Each structure stands twice: as C-alpha cells, then as structure tokens.
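Report on one structure; see the data block that follows.
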Amino acid sequence: MGDMDLDEMEANSRLWQCPPIVNNIFQHLCARDLSSCAQVCSLWNTMAKTETNRRRFVEWFLEVDIGQTVDMEGNCVPVESPIGKLHPFQEKLASLRARPGFCLSFITLDTLKRITEAFSSFFIARTGPQREVRLLRYEKRATRLKLVKEIFLNPLLPSQCQVHCISSPGIVGCHDNCSPAEVEDGFAISGIILPEFPGVRVHHIPIDKECKWQLPSNFFPAKALLVFVSTKAIREVQELVNKFADMNDRAEFALGGAVVAPLPEAYGSCFAFSGENLEAASVVIDKSTIDVAKELSLFKNTGLLEKGNCFAVMFSCVGKGIHKYSVSNYESSIFRGLYPDVPLAGVFGNGEIGAHCLPNVDKECPENKARYMKFPSGKCVKVYNSVFVLLCVKAPK
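In numbering that gives the first Met the number 0, the protein residues as written are 0 to 396.
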C-alpha cells in the first residue's frame, strides 16, 4: 500500500510538471492565485509570468448602496451581514484577472460620513469592536478616506500597486457590463484598475498643505494630467498646469480634474500619464452645450479607440447631472451609447478643471480651432462644466 502511495505521488508530480496541463489550469486562475503559484517552482514561475503578461487589460468596479437596504417604511437602514464577509467590490478586487499596477478609486461623501455603518461587519472583523468605537471619533473626512484605502483596498491589492482614493459629493462608475451609473447622493464606491503595461507610466504628484508640489523632470513628455484638489489649493491649479505645460515643451496633453473633498495629508493629488504606449484626449462640455453627443463623438476622430485598451474619466459639476437634466446618468449614458465597451469612472466636484485635447485631428479646422480657443489649458479652471478624458493603452510593439 505504501509503495502504491509513492507511485501515486510520483504520477501526480509528473502531472503537475506537464506544461499543457499547468497552462490550462493557470488560464482559469485570478491574478492573486497566479502570483502564489509563481512561487512554487521554476516551471510554474515561468508559466505564471507568461500568463500574467498575457493579461493586459483595464478592469473596474462599482458598488452602489453599500451596506444599505430599504425597510418597509422606505427608510435606508444598515444591512446586517456575516462578520468578515467581503463586500461585492472587494470580492472583485480579490479576483482580478490582471495583476494591478494602479488603482484610482472614488467614494461618495455620504459613504465616508457613515463609514462604520456601511462596512460594520468588516470593521468588527478586521479591527475589533473597541476599534470600531474609536472610529466614530474620526470626524475628519480625510482621515476616514485614509481608512478606506488602508482597510478596504490595500489588503486586496499587491504591495507594489499604486492605490489612491478620492471622495466627492457624487461619483461615476460602471457595472460589469460597462453600463454607467452617476451616483449623486447615497452610498457608493467605484474605481479603475490598470495592470503594469509596458511603456506606460503613472506618476503621483501630491500638492502638500503648503500648496507646494514637485514635477519629476525625467517624466516628460506626458500625455495626460488628472487633477483632484480641495478648495484650499484651487488657486494653485492654473500655475501647476502652466508649469506642467512648460516642462512638456508645450506639447499637447489631455487635462481633466475636479475640486473634491479634502485628501489625507495633502491639499491635492495629480496623476501624470506618460509613455510611448499611451495616448490621451480630453473634451470639455460647458453649460451652453446643446448637443452633448456631438462633443463626445469627437473622440472618434482621434483614432484612439482602435489602438488598444481604453478607459475614460468623467469630471462633472455637482450642479449638473439630475439637477440640470432631470434624469440620472444623462451624460454618462450618452458616452456609453457612443462607446459601449469603454469603462467610465469619475466624480462630481465643486469646480472642474479641463481643456480640449484632440490628437490626430485637424487643428486648423474652424470648428476645432474654436474649441481650442474656448477651452485652452491656459484657462483650465471651470464651473458648471463637464470634462471627459479618454486614455488609450496600446499593445507593446
């Protein structure tokens, strides 16, 4: 019997060293499990890296009404879930197919205000009842935002992944089928996740509490700049954008941003995207725009949508959305109608930052020339506008 057991063990060992079998299994594993398998032996390490490199695509998540349900009287009440159970968006983070390299998450202020209710079971499981009581003393939203990052996002993502969390009155996100949702009130969290693409770099530029920042000289030329600032740093935004343009040798770059809630340990966060395998475009929709679809269709002329993995970030005014259009998801639904396979995320802010950037189009066309004159990067701070930034990650040559 003992000899038979040894024979079985030897047969199993040969089975797990068979490349076609290992490859077939690895194709069905999530990124976290694939990373664990890479540590087993040299063969598995090589095959896991090959499978990881094959997965170069953007992922996203959205959860609305986090930890909430409606009682018989129509009131929102906390959901009692089993202690330690992950929320759906956390389950998605834990089962990502592509290995994350950059995560940009958005969370509503309502969620931050009642964070221990929205995630009650998770707080008890991870921090204990006493810690949960102490969390009620965290009155600053920036502190609670830091907790969201440290407790709900970081543990489910690789240590080398850049993780950033932005809070605002309302957010934008996409369901699994790419259908958008503009959540202007209530509990919600969304996010965009990029794997480590060759030839694509993302650099975080914080604006400290003295309203100072430092631009990396070796990062340029850049293709896009996303800006998230509190009201205390809004005056510095134009100066930062001008300096960014100077260091970019006045080369065109996509620009989008918003005035959001205070950030942990900073007055603002900017994200610069560069690299030979990344292209970007941005479109501004102001309060006088009648045909939103016409403006958003400008992205088609750039040719970006045919070049690789695309995703978009939307920045809108808290006074727009349902307050202007009387229906939810107005602008995001138009975007989805034009680009049904492009995930969209973003925020509603108390001010918008943006400029027209349409690479690969005729700048001398009278209509395009008028847009550039109306929305230049030299006057990028807006009110009652929307800004859409489209980013395209191209396959390595």
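Every residue gets a Cβ at the ideal spot worked out from N, C-alpha and C, and that includes glycine. Remember, predicted model here, so these are calculated numbers, not experimental data.
Item	Value
Helix, strand or coil at R234 [DSSP, three-state]	helix
L304 versus L254: straight-line alpha-carbon distance, rounded	18 Å
Exposed unless 16 or more other CB atoms sit within 10 angstroms - verdict on V382	exposed
Three-state secondary structure (DSSP) of P18	helix
Same chain, Cβ closer than 6 Å to I114, neighbours up to 5 away in sequence not counted	R143
Classification of R234 by the beta-carbon crowding that lies within 10 angstroms, buried from 16 upward	exposed
Inter-stretch contact at 8 Å, needing at least 3 Cβ pairs: the segment 162-169 / the segment 257-272	yes
Identity of the residues DSSP links to R200 by a beta bridge	S273
Under the three-state DSSP convention, the category Q38 falls into	coil
Neighbourhood of E50 by C-beta, 7 Å cutoff - its chain only, sequence neighbours within 5 removed	F25, Q26, L33
C-alpha distance - P458 paired with D245, whole-angstrom precision	Residue 458 is absent from the model: the chain starts at 0 and stops at 396.
Close Cβ partners of K368 (< 8 Å) along its chain, the five nearest in sequence each way excluded	K362
Same chain, Cβ closer than 6 Å to S405, neighbours up to 5 away in sequence not counted	No answer is possible for residue 405: the residues shown for the chain start at 0 and end at 396.
Endpoints, beta strand (DSSP E) assigned at V392	385-393
Through-space distance from C160 to T110, alpha-carbon basis	24 Å
Alpha-carbon to alpha-carbon, P339 and V392	17 Å
Nearest candidate by alpha-carbon position, reference Y329, set C379, D207, P179, G353	P179
Length of the line joining the Cα atoms of E30 and L224	In the sequence as displayed, the identity of residue 30 is Ala instead of Glu. Taking the straight line joining both Cα atoms gives about 28 Å.
Residue nearest to C177 in terms of C-alpha spacing, selected from L337, Q89, R370	L337
Integer-rounded CB distance, given that S268 should sit under 8 Å from F227	5 Å
Outcome for I20 when other beta-carbon atoms lying within 10 angstroms are tallied against a minimum of 16	exposed
R54 to S287 span [Cα, whole Å]	42 Å
N-terminal and C-terminal residue of the beta strand (DSSP E) that A257 is part of	253-258
Cβ pair count under 8 Å reaching 3, the segment 316-333 against the segment 369-376	no
Cα-Cα separation, L308 to F56	The sequence shown places Asn at residue 308, not Leu. Using only the alpha carbons, I get a separation of about 6 Å.
D290 versus C36, A265, N153, F334, residue with shortest Cα-Cα distance	F334
Option nearest H322 by Cα separation, candidates E181, I150, L95, E58	E181
DSSP-derived helix/strand/coil call for N217	helix
CB contact below 8 Å: K222 versus chain B	Protein chains in the displayed structure number just one, and chain B is not present.
Secondary structure of H322, DSSP reduced to three states	helix
Alpha-carbon to alpha-carbon, V360 and C210	36 Å
Three-state secondary structure assigned by DSSP to E264	coil
Nearest candidate by alpha-carbon position, reference G403, set A271, W43, D248	Nothing can be reported for residue 403, as the shown portion of the chain is limited to 0 through 396.
Rounded distance between the beta-carbons of G348 and C316, thought under 8 Å	7 Å
Pairwise C-alpha distance: K112 and P197	39 Å
Counterpart residues of H163 in DSSP-defined beta bridges	L103
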